[in-house]
Each structure stands twice: as C-alpha cells, then as structure tokens.
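Notes follow the structure.
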Amino acid sequence: MHLATSDSFYGHKFREWGARVTAMNRLEDFIAKVPPTVKADILADRVEHPPFGTNLMKPLTHYTRFCATSGTSTGQPMAWIDTPDSWEAMLVCWRRVYEAAGLEKGKDRLLFAFSFGPFLGFWTAFEAAAKDYLVIPAGGLSSQARLEAMARYGVTVLCCTPTYAQRLGEMIGDQSGIERMSLRVRKIIVAGETGGSIPEVRRRLEKLWDCEIFDHHGMTEIGPISYQMPGHPGTLCVMEESYFAEVVDPVTLAEVADGECGELLLTNLDRTACPLMRYRTGDWVKKRIIGGHLCLEGGMLSRVDEMAVIRGVNVYPSAIEGIVREFDEIVEFVIEQRNVDGMEEIELLIEVNGNVAKSPLKRLENKLRDTLHLRIPVRLVESGSLPKAEFKSKRWRRV
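Quick note, the sequence shown lines up with residues 156 to 554 if you use this note's numbering.
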C-alpha cells in the first residue's frame, strides 16, 4: 500500500496506470494491472532525478550500500543503493546458494577471483560467505598470484566467472608452476555468464580442475536469483521465496508453457528499499517446472537482444558456445553479427592453441552446420588477438 501511495517512482506509476492496490486480490490482478518495468524507465528516472532516481522507499540517509551494473548490455552503468535491511535480504539469498552447493560451514575456504569494484555479486557473495566460511579476497592479484594463494591457503571453493575459471585452469601445471595435486579445490561456483549451465563448458572446467561446477545467476538490479537445481546440472532453480518470477513471450507478454522459452520477468519481494515490479531482465530462458519449483533449463540461454534470427533459424550464443567448447584446441572465440544486403549474418572468429598442428576450422564449420542446420563461416585469427576477460566476457558483437 505504501509503495502505491508514495511520492516515488512506483507511486507515480500506480497513479498513471490508474491501478489500486486494494483491487489486487490475486496474482492475476497484479499481472493485469501492473505493466512490466524496463531498464530504460529506470535510466530515464535517474536522468530526471540524479543521481539515484526516485525508486527509493526510505529517506536517502537510510541507504548505506552502493553498487552499479556493469553496463555491458546498454553501455550505461547504473548505480543501485541499499539499506542495511535490503542488503541483508540479498545475503540471505546467497546463503541459500551456498547451502544448495553443499558447502560445509567452518570447513570450506573460499577464494573470490573478482575485483573490489562496484559489482554487487562479489560483495554480496563475499559478505554472505564470511558468516560461515573462511573467505579470501583475491581482487588486484594476478592470475599467478591467485593460484599460488589457492595452493598456500588450502582453498576448497573458487568463485568466479566460467571464462576466468577456464583461463585460470589452463595455467595449472607448466605455465604457473602450480601442480593440480597441490590444489584442494573441490568446487567452483560460477556466475556472471551463461557458460555455467552449458554441458561442454562444464565438461571442460571439470577436466581442468577435477572438481564439481556449480552454477548461479543474479543481477545488480534484482540480487541473487537462482542456483543450480540439486540433481539437475545445467538447470537453475529460482528462489521463489524472494522473487515473483514470470517467463513470458517478449511480444505478447503472455506466460509461456512448461518447456517453452521466453523472457524472465522478476518482482523482488524482500529487497523492498529499492523495489522492482515485473522487471524485464532481458534474459532468454527455458521454463521448466521440477518438483513444483520454477526452474530454468540450460540456465541463461542468451540475452533477448542477442538472440538472432539467421535465415529463419533462431541462434543463441549459448548454443554456439556449447559447440565451440567441444574443441579443446580453441582457446577463445567471438561471434560477429552484421547486416548484409538487408539480411542478418553471423561469422565466428576463433583463436587456437599455438601447439595445435591441424586447424579445427573445417571440423567446426561442419559441426555448426550439422547441429544448427545453418552454415556459419568460421575464421581463424591470430593468437592473442581476441579479448580475454576476467569478469564478464562479451563474445557476441554487432559490426
């Protein structure tokens, strides 16, 4: 009630929509009366009411934590602030992630291979873990120093992006002088990219590290959202006790059926100091109900704006990455999308291990064609020419 009557972002929206909270007795009423919120709405509010906008339910003096989005999807990082209570709500979610991952309180030692920048995922994951585990921050350290710290301090759990887990894993042995037998890592918790739920990426990481991979996903605007469903690797379980989640057709906004794909919409239930209602995350997911729980089969399949229709075929970045990761000799790749004579086309750029005697180019082209029923040209580029990210990689780009 307070949200609808306040002089806030949503207070104005409710009056603009002509929606009355007292008339919303069912979820169906909420869905019918409250249109989805898009990131552009929040950004516009920040421009009109700098620097934090009007989407705040407490006086500004009550807010103690600052984070910001990476800006990878819009090019515009967006600040987000929290009260102690709304921050704690996210820590509770992260503790559920650790519990689902099977971590042992008082025994596991976690190393966080992230920077100490404004990235929300690092801070919430770190602080939530500090209650029950020995936590080791590795921001500012080189990859070599991180591996040395993991060996020296007996780290059992590594937290990072799938891309960085692969880069770090490839250094084990001759490249770093740190042998696998000197490491005690038994689990890697990955997030920030789609790779953690792609079977081929998981296989590669398991081979490099000889340990279990556990996926999770979240976002700065919302918080920690899901964790890997126990017994279902490659499938994420939404924490519905903290979020009202919908998977909808991005055009009609109608809820999709079990087994169908759509865009994930989220309403936060606990992080109420900076609420979002029916927020269009831009994440393209496959809805799956398992044991009465809303799950996302395959994790994050792609960003809605990255899914491309190439000659009538829907192409997802995760599908291409799954194929590429079957070739161990490929160390990095980028997908370039361009418009040619009014038609969308994509080309795959690959970088291979310098010790490989035979290029996998033709074999990869054939595999892409046989799997996706689409001819995708593949171009071999010079070693070291593709960007190497320690945080979120950007492998799909329009040129």
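For glycine and all other residues, C-beta sits at the position ideal for the given N, C-alpha and C.
Item: In angstroms, rounded to a whole number, what distance separates the CA positions of F271 and W278?; Value: 8 Å
Item: Three-state secondary structure (DSSP) at E537?; Value: coil
Item: Tell me the residue span of the beta strand (DSSP E) that contains N494.; Value: 485-495
Item: For F399 and L421, what's the separation of their Cα atoms in angstroms?; Value: 6 Å
Item: Measuring straight from C-alpha to C-alpha, what distance separates Y288 and K262?; Value: 7 Å
Item: Could you spell out the range, first to last residue, of the beta strand (DSSP E) harbouring L431?; Value: Counting along the chain, L431 falls outside any beta strand (DSSP E), and DSSP gives it neither H nor E.
Item: Using the rule of at least 16 other Cβ atoms within 10 Å of the residue's Cβ for burial, across every protein chain shown, is S163 buried or exposed?; Value: buried
Item: Assuming S381 is part of the beta strand (DSSP E), what are its boundary residues?; Value: 378-383
Item: Report all residues from its chain with a CB closer than 8 Å to the CB of S548; omit the five preceding and five following residues, and keep chain order.; Value: T316, T318, E348, P542
Item: Using a threshold of 7 Å, state whether the C-beta atoms of V486 and E506 are closer than that.; Value: yes
Item: Is DSSP giving I333 helix, strand or coil here?; Value: coil
Item: Kindly indicate which three-state DSSP category R322 falls into: helix, strand or coil?; Value: helix
Item: Pick from G173, L449, A195: whose alpha carbon is nearest that of F185?; Value: G173
Item: Does DSSP classify E203 as helix, strand or coil?; Value: helix
Item: Counting only runs that start and end within the segment 281-323, where is the beta strand (DSSP E) found for 3 or more residues in a row?; Value: 289-292, 312-315
Item: Expressed to the nearest angstrom, what Euclidean distance is found between the alpha-carbon atoms of T229 and G294?; Value: With a pLDDT of only 49 at T229, under the threshold of 50, the placement of this residue in the model should not be trusted; the figure read from the coordinates follows. Taking the straight line from one Cα to the other gives about 25 Å.
Item: Taking only three categories from DSSP, how would you classify W551?; Value: strand
Item: Mind checking G122: buried by the 16 CB within 10 Å criterion, or exposed?; Value: No information on residue 122 is available, as it lies outside the stretch 156 to 554 that the chain covers here.
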